[in-house]
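J.: In my numbering, the protein residues as written are 513 to 791.
1. Suppose you measure from the CA of residue 788 to the CA of residue 746; what does that come to, to the nearest Å?
2. Helix, strand or coil for residue 686, going by three-state DSSP, please let me know.
3. Out of 766, 556, 567, 515, point me to the one whose CA is closest to residue 640's CA.
4. In the structure shown, what three-state DSSP assignment does residue 581 receive?
5. State the CB to CB distance for the pair residue 601 and residue 581, rounded to an integer number of angstroms; the pair is presumed to be in contact (CB under 8 Å).
6. Can you look up residue 536 in the DSSP assignment and give me helix, strand or coil?
7. Is the stretch 616 to 623 touching the stretch 584 to 591 in the sense that three or more CB pairs, one from each, lie closer than 8 Å?
8. Name the one or two DSSP bridge partners that residue 480 has.
9. According to DSSP, simplified to helix, strand and coil, what is residue 519?
10. What span of residues does the alpha helix (DSSP H) with residue 776 cover, start to end?
11. Label residue 545 either buried or exposed according to how many other C-beta atoms from any shown protein chain fall within 10 Å of its C-beta, with 16 as the threshold for buried.
12. Just verifying my parser: in three-state terms, what is the DSSP assignment at residue 572?
13. Along the alpha helix (DSSP H) that carries residue 660, what are the first and last residues, could you check?
14. Which runs of the beta strand (DSSP E), 3 residues or longer, sit entirely within the stretch 736 to 769?
15. I need the straight-line Cα distance from residue 596 to residue 638, nearest angstrom please.
16. For residue 732 versus residue 760, is the C-beta spacing smaller than 7 Å?
17. In whole angstroms, give me the CA-to-CA distance for residue 549 and residue 530.
18. Do the CB positions of residue 671 and residue 617 come within less than 7 Å of each other?
19. Considering only the beta carbon of each residue, do residue 744 and residue 772 sit closer than 7 Å?
20. Under three-state DSSP, which class holds residue 615?
21. By DSSP's criteria, residue 594 is part of a beta bridge. Which residues make up the other side?
22. Where does residue 733 fall in DSSP's three states?
23. Drop a sphere of 10 angstroms on the beta-carbon of residue 690, count the other beta-carbons inside from all chains shown, and report buried for 16 or more, exposed for fewer.
24. Determine the closest residue to residue 644 out of 514, 763, 714, 701, with distance taken between C-alpha atoms.
25. Taking just the CA atoms, how far does residue 786 sit from residue 632?
26. Note down, in chain order, each residue of its chain lying with its Cβ closer than 7 Å to the Cβ of residue 734, except the 5 sequence neighbours on either side.
27. In terms of alpha-carbon separation, which member of 567, 748, 753 lies closest to residue 676?
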């Protein structure tokens, strides 16, 4: 059975970031503050999960093709937010993760626990016109919120060309003092590799890459080539550990300007630890 209307109704009922899981032989749950909250007592069958996933995909671009055994897509709901849907298979059945991020990107000063974080970000942007900033964190939703708040802050206060390369897009940014170009891998460009190659056509000042796969050595070189264009690259991978990310850039550590760690805080805001690594 297709339960998409019930799922979307629940997601639309809260203004906050929402993360919902659909797993066969279990009721749908909302992961919130480290707890799993049941949305309904209905236990989903594998067919329920599949039918609901297919209904969700009907909201996304038809260019994405068939579901396959794993994947991700996104779409927006007016006055609600943008939904990022990721799925894998277990023993032939789908497991689905749905993250809703509100359209309104929060102000950087409102999401950071320490008021001095904004000042340190400003120092970073003014000091470095090229190099790599690595963003680390265990929660994709938290890190995406922070990075997009950071990009919005840059757009409002600096005259830059900002390019986002992500799969799928988390937020939609507006032009302000800066111009913002957002490219979704799988729709606007077939792969991250080609998207990084295309950067030279735009010549941006800042590139944000949210890479959802294991980073191969040749792909690191594509990022280095972007840095060589006198560009500041902000990099985040939700599926790579801190150790794996740092190891990927080990041979190019001299280009890493800063490492930013994003975590939770007791007051519900984000704990941001910024370590400058440039000599």
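Glycine included, every Cβ here is placed at the ideal spot set by N, Cα and C. Keep in mind that this is a model prediction, so the values were computed, not measured.
T.: Taking the structure as given:
1. Taking the first residue of the chain shown as 1, we reach residue 788 at position 276. Taking the first residue of the chain shown as 1, we reach residue 746 at position 234. Rounded to the nearest angstrom, the two C-alpha atoms are 14 Å apart.
2. Taking the chain shown and counting its residues from 1, one reaches residue 686 at position 174. It is coil, neither helix nor strand.
3. As a first step, residue 640 is located in the chain shown; it is residue number 128 there, counting from the start. Of the listed residues, the one whose Cα sits closest to residue 640 is 766.
4. The residue labelled residue 581 in the question sits at position 69 within the chain shown. Residue 581 falls in the coil class under three-state DSSP.
5. By one-based count along the chain shown, residue 601 stands at place 89. By one-based count along the chain shown, residue 581 stands at place 69. Confirmed, Cβ separation roughly 5 Å.
6. Looking up residue 536 in the chain shown gives position 24. In the three-state DSSP reduction, residue 536 falls in the coil class, being neither helix nor strand.
7. No, the stretch 584 to 591 does not touch the stretch 616 to 623.
8. Given that the chain is displayed from residue 513 to residue 791, the structure contains no residue 480 and the question cannot be resolved.
9. Here residue 519 is taken as the residue at index 7 of the chain shown, counted from 1. Residue 519 carries a helical assignment under DSSP once its states are collapsed to helix, strand and coil.
10. Within the chain shown, the letter at position 264 stands for residue 776. Residue 776 -> not in any alpha helix (DSSP H); beta strand (DSSP E) instead, spanning 768 to 776.
11. Counting from one through the chain shown, the residue named residue 545 turns up at place 33. Label assigned to residue 545: exposed.
12. Indexing the chain shown from 1 puts residue 572 at position 60. Residue 572: coil per DSSP, three-state reduction.
13. Counting from one through the chain shown, the residue named residue 660 turns up at place 148. Residues 652 to 669.
14. As summarised for the stretch 736 to 769, the continuous beta strand (DSSP E) elements at least 3 residues long and confined to that stretch are 744 to 748, given in chain order.
15. In the chain shown, the residue the question calls residue 596 occupies position 84. In the chain shown, the residue the question calls residue 638 occupies position 126. Their backbone Cα atoms lie some 33 Å apart in a straight line.
16. Numbered from 1 along the chain shown, position 220 holds the residue referred to as residue 732. Numbered from 1 along the chain shown, position 248 holds the residue referred to as residue 760. Yes.
17. For the purposes of this step, residue 549 is taken as the residue at position 37 of the chain shown. For the purposes of this step, residue 530 is taken as the residue at position 18 of the chain shown. The straight-line gap separating the alpha-carbon atoms of residue 549 and residue 530 is approximately 11 Å.
18. The sequence position of residue 671 within the chain shown is 159, counting from 1. The sequence position of residue 617 within the chain shown is 105, counting from 1. With a cutoff of 7 Å on beta-carbon distance, residue 671 and residue 617 are scored as not near each other.
19. Against the chain shown, residue 744 aligns to sequence position 232. Against the chain shown, residue 772 aligns to sequence position 260. With a cutoff of 7 Å on beta-carbon distance, residue 744 and residue 772 are scored as not near each other.
20. Position 103 of the chain shown holds residue 615. Three-state DSSP puts residue 615 in coil, outside helix and strand.
21. Within the chain shown, numbered from 1, the residue matching residue 594 stands at position 82. Paired residues: 588, 613.
22. As a working mapping, residue 733 is identified with position 221 in the chain shown. DSSP places residue 733 in helix when its eight states are reduced to three.
23. Position 178 of the chain shown holds residue 690. Here residue 690 is buried: its Cβ has 16 or more other Cβ atoms, across all protein chains shown, within 10 Å.
24. Within the chain shown, residue 644 is the residue found at index 132, counting from 1. The shortest Cα separation from residue 644 among 514, 763, 714, 701 belongs to 763.
25. Within the chain shown, residue 632 is the residue found at index 120, counting from 1. Within the chain shown, residue 786 is the residue found at index 274, counting from 1. For residue 632 and residue 786, the distance between alpha carbons rounds to 8 Å.
26. As a working note, residue 734 is residue 222 in the chain shown. Around residue 734: 705, 708, 709.
27. Residue mapping note: residue 676 aligns to position 164 of the chain shown, counting from 1. Closest in C-alpha terms to residue 676, from the list 567, 748, 753, comes 748.
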